[in-house]
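Note sheet for the following structure.
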Amino acid sequence: MSWVARGSHQSNANANGNANCNGNGNGNGKFSNANRNGKTNSSPWRQKIAQQRKSLPIASVEKRLIEEVRKNDILIIVGETGSGKTTQIPQFLFNAGFCNNGKVVGITQPRRVAAVTVAKRVADECGVELGQKVGYSVRFDDSTSNSTRIKYMTDGLLLREALLDPYLSKYSVIIVDEAHERTVHTDVLMGLLKNVQLARSESINDGQNLNNGNKNANGFMLLDKDNGQNSSFDRKERREKSSPLKLIIMSASLDARTFSEYFGGAKAVHIQGRQFPVDIFYTRYPETDYVDAALITIFQVHLEETHGDILVFLTGQEEIESVERLIKERLTKLPQGSQNLQVVPIYAALPPEQQMRAFAPAPSGFRKVILATNIAETSITIPGIKYVIDPGLVKARSYDPGKGMESLIVVPTSKSQALQRSGRAGREGPGKCFRLYPENEFEKLEDSTMPEIKRCNLSNVILQLKALGVDDILGFDFIEKPSRTAIIKSLEQLFLLGALTDECQLSDPVGRQMARLPLDPDYAKALILASQFNCLEEMLITVAMLSVESIFYTPRDKYEEARTATKCFASPEGDHITLINVYRAATDFLEKRTVEMNKAKSEKVLRKWCNENFINSRSLRHARDIHRQIQGHVQQMGLKLASCGDDMLQFRRCLVASFFLNAAMKQADGTYRAYASGQVVQIHPSSVLFRKKPDCIIFNELIQTNNKYVRNLTRVDSLWLTELAPQFYAMQN
DNA sequence: GAGCACTGC
42 MSWVARGSHQ SNANANGNAN CNGNGNGNGK FSNANRNGKT NSSPWRQKIA QQRKSLPIAS
102 VEKRLIEEVR KNDILIIVGE TGSGKTTQIP QFLFNAGFCN NGKVVGITQP RRVAAVTVAK
162 RVADECGVEL GQKVGYSVRF DDSTSNSTRI KYMTDGLLLR EALLDPYLSK YSVIIVDEAH
222 ERTVHTDVLM GLLKNVQLAR SESINDGQNL NNGNKNANGF MLLDKDNGQN SSFDRKERRE
282 KSSPLKLIIM SASLDARTFS EYFGGAKAVH IQGRQFPVDI FYTRYPETDY VDAALITIFQ
342 VHLEETHGDI LVFLTGQEEI ESVERLIKER LTKLPQGSQN LQVVPIYAAL PPEQQMRAFA
402 PAPSGFRKVI LATNIAETSI TIPGIKYVID PGLVKARSYD PGKGMESLIV VPTSKSQALQ
462 RSGRAGREGP GKCFRLYPEN EFEKLEDSTM PEIKRCNLSN VILQLKALGV DDILGFDFIE
522 KPSRTAIIKS LEQLFLLGAL TDECQLSDPV GRQMARLPLD PDYAKALILA SQFNCLEEML
582 ITVAMLSVES IFYTPRDKYE EARTATKCFA SPEGDHITLI NVYRAATDFL EKRTVEMNKA
642 KSEKVLRKWC NENFINSRSL RHARDIHRQI QGHVQQMGLK LASCGDDMLQ FRRCLVASFF
702 LNAAMKQADG TYRAYASGQV VQIHPSSVLF RKKPDCIIFN ELIQTNNKYV RNLTRVDSLW
762 LTELAPQFYA MQN
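Here's what the structure looks like:
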């Protein structure tokens, strides 16, 4: 293939001259906390860590940064990859006294692994035990204690904390890291933090009259709503609420302006990163077959370029598997001396042990080519990459609120995604990135990926906001507002589920209970109903299993084997009961064997059982975690934890009462028509009812891929619809 | 008769 070279993209924020924080620092790296433990401090390892810290680009600007934080209540920090902002800034703040009087510096991350690994790293740097001064808190895993002052957490977890403490009163500073990723949680959190900050500062300036502090700049009622029951704050509460909250938003350079504008022209400072130059190459002409173009490029790099591993971005598991086959085929046609190429696939659904292969170095004398989905764009960093091949496509999820349908389709990447991908070649030294499209195509790409909040079902978000006391959802200060249709549709859904009253207020107790459960609203409602139908045990298992990704793992090469293995769990009534069967089989298996086993051993035994039964052990473990957590919640709420025993009729009726919005009827041609949206759909091939085609079904997922499919379904009697959901189906007649 | 980017509470 012939290439057009386009200089190097050195994603170094400093290049634009906006270097507020560069070159002015004292450079002496005042790491006073490192001295706390004299013993470890003198160890070579600790000296090495101290050296590494001092050499970070950020170390020289500690003083300047702290000054900026003191001067500005909101600060945008643009820190490029490798600047050390995530690990260092919280330590600077601690040293500057922001954790005095028991206050906490909170740092949010979009991903669990990041929160956990960074916290461990910082605890090491500080020479403290994890969970003391430095800790993390993520779902199912909390290492923090009363003495934790630097707390790393997921953004979703901080949102949950806000439900219990609307003023987030223990935090003096909250840092929202990776804000440019624009996950739903990050976006909602920023809107919320804006309000919290205002409420906390207003209550200082206006301490005489707390009621005036209830409105934010836009005039919406604010968070005091939740405290309406005990409207007179006691002294302590008032003091905590009254201390100001500092906000720091950390982002990549392309998006800094958006955040600055959103926060009323907040100051943005840039911190130099440490990224090596990456030469970008474009194709001369558009490629008609990007898979073939990728193959050709892989071999071009392998045969013509100096040593260094290759990372190829592909759209999905199937594509990765086929490219893997094709590479191996073509390799056999190369001369013996050129066959030293190792192919390694990596995608989220791959079992962890196989994922680890991507991180292991290639055998000596071999070059490694990694075929990855988007997982390698942000979630994981693979060492040794020198060449990136980017076809410029990504499989993206979007949501159509009108049809109530999700879709999963291949679309072009954004410019910032393309930059992120090419940056993967410059982590350890200069690299090259081959974009499989012409340069003028790059110019046509969107600057940033559309934020998730504009392409997902909002019911969950809205229920949370309602529970946080935000009444006017349409008027909420979203950084980017979802469409009016999307908001109205979700309000409608919440109303039909009984979470909202006629006046669009959160209902009590149903709405409040639903908001407390960390589940999709319809699953939360199902649990409340199940306690009345005496099948809460079964529903608890069901929603836990529905909340995780594909329970069944069917590798292409063992297809038949997998099908026979999973057959023994199948229920003629449908997927829900099948999922219950799998869960119970796993639990029974464990209970029989683990009387004398410790936790680690029983995990291992369960993994083996999963492999034998073609069940994804990661998904099952996740479901068991969710089950445990939700069980705790429903018990606290006082819901009746009963089982319907063998009376699955009762359970299926409860499914109808819960998911009545997702009913579909078989049509003459064998396709189905979904009642609520009128969509014509098919049963997904993964369903146990794929061939059975019952007359009337209740489903949980409506998704468009190559076709429109419903997934996770159960056979029901159509008469139950009017009987159990008259509020919806009686109106229709 | 045929399919599952990635996070998160």
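Residue numbers (our numbering): 42 to 774. Just so it is clear, CB atoms sit at the ideal spot from N, CA and C, and this is done for glycine as well.
* Determine which residues share a DSSP beta bridge with Ala437 and list them. => Ile450
* Cβ-based neighbour list, Ile337, same chain, cut-off 7 Å, excluding 5 preceding and 5 following -> Met42
* **Alpha carbon of Gln457 to alpha carbon of Leu204, nearest angstrom** => Position check: residue 457 holds Ser in this sequence, whereas Gln was assumed. Whole-angstrom Cα-Cα distance: 33 Å.
* Asked: Apart from the five residues just before and just after Tyr785, which ones in its own chain have a Cβ nearer than 6 Å to its Cβ?
  -> Residue 785 falls outside the range modelled here, since the chain spans only 42 to 774, and no answer is possible.
* Asked: When the Cα atoms are used, what is the spatial distance from Tyr303 to Ala293?
  -> 16 Å
* To do: Could you round the C-beta distance between Ile117 and Lys308 to whole angstroms and report it? I think they count as a contact, below 8 Å.
  => 7 Å
* With DSSP as the reference, label Gln150 as helix, strand or coil. => strand
* Alpha-carbon spacing of Pro98 relative to Asp333, whole angstroms -> 41 Å
* Looking at C-alpha atoms only, which residue of Leu412, Thr746, Lys174 and Leu702 is the closest neighbour of Gln723? -> Thr746
* To do: Would you list the residues sitting across from Arg366 in a DSSP beta bridge?
  => In DSSP, Arg366 forms no bridge with anything.
* Asked: Would a C-beta distance cut-off of 7 Å place Ala466 and Val364 closer than the cut-off?
  -> no
* Residue burial classification, Leu547 (beta-carbon count within 10 angstroms, cutoff 16) -> buried
* To do: Enumerate in chain order the residues of its own chain whose CB-to-CB distance from Leu200 is below 8 Å, with the five nearest sequence positions on each side excluded.
  => His226, Val229, Leu230, Leu233 and Gln505
* **Neighbour-count burial assignment, Leu762, 16 or more Cβ in a 10 Å radius** => buried
* Asked: beta strand (DSSP E) containing Gly120: first to last residue?
  -> Ile115 to Gly120
* Asked: Along the chain, where does the alpha helix (DSSP H) that runs through Cys609 open and close?
  -> Cys609 -> no alpha helix (DSSP H), and no H or E assigned at all.
* Alpha carbon to alpha carbon, what distance is there between Ala164 and Tyr177? -> 10 Å
* Would you mind listing the alpha helix (DSSP H) stretches within the stretch 625 to 695 that are 4+ residues and don't spill past its ends, in chain order? => 640 to 653 and 658 to 678
* Take Gln358 and list the residues in its own chain whose beta-carbon comes closer than 7 Å to its own, dropping the five residues that flank it on each side. => Tyr388 and Ala390
* **At least 3 beta-carbon pairs within less than 8 Å: the stretch 676 to 684 vs the stretch 705 to 721** => no
* Cβ of Asp114 within 7 Å of Cβ of Lys287? -> yes
* Within the same chain, show all residues whose beta-carbon is closer than 6 Å to that of Lys633, passing over the 5 residues directly before and after it, in chain order. => none
* **Presumed contact (8 Å Cβ cut-off) between Thr122 and Gln316, rounded CB distance** => 5 Å
* Asked: Using the C-alpha atoms, what's the distance from Val110 back to Ser96?
  -> 22 Å
* Nearest residue (CA-CA) to Lys734, options Asn652, Thr607, Asn703 and Glu614 -> Glu614
* Asked: Is Asp350 near Lys444, with beta carbons less than 7 Å apart?
  -> no
* To do: Could you tell me whether the Cβ atoms of Val237 and Thr356 are closer together than 7 Å?
  => no
* Beta-carbon proximity list for Met689, same chain, < 7 Å, skipping 5 on both sides -> Glu614 and Ile618
* Asked: For Leu211, which of Glu219, Ser188 and Thr195 has the nearest alpha-carbon?
  -> First, the residue type needs correcting, since residue 211 is Lys and not Leu in the sequence shown. For Lys211, the nearest C-alpha among the options comes from Ser188.
* Please determine, among Lys645, Leu372 and Asp330, the residue with the shortest C-alpha to C-alpha distance to Gln341. => Leu372
* Please list, in chain order, all residues of the same chain as Leu661 whose beta carbon is under 7 Å from its beta carbon, the five residues on each side excluded. => Ile592, Ala627 and Cys651
* Just grab the DSSP bridge partners of Gly472 for me. => Val319
* Give the C-beta separation of Glu166 and Arg94 to the nearest angstrom, bearing in mind that I take them to be a contact with Cβ-Cβ under 8 Å. => 6 Å
* Asked: What residues match up with Met706 in a beta bridge as DSSP calls it?
  -> Arg714 and Cys737
* Below 8 Å, can you find three or more Cβ-Cβ pairs linking the stretch 570 to 577 to the stretch 692 to 710? -> yes
* **Host alpha helix (DSSP H) of Phe133 (start-end)** => Lys126 to Asn136
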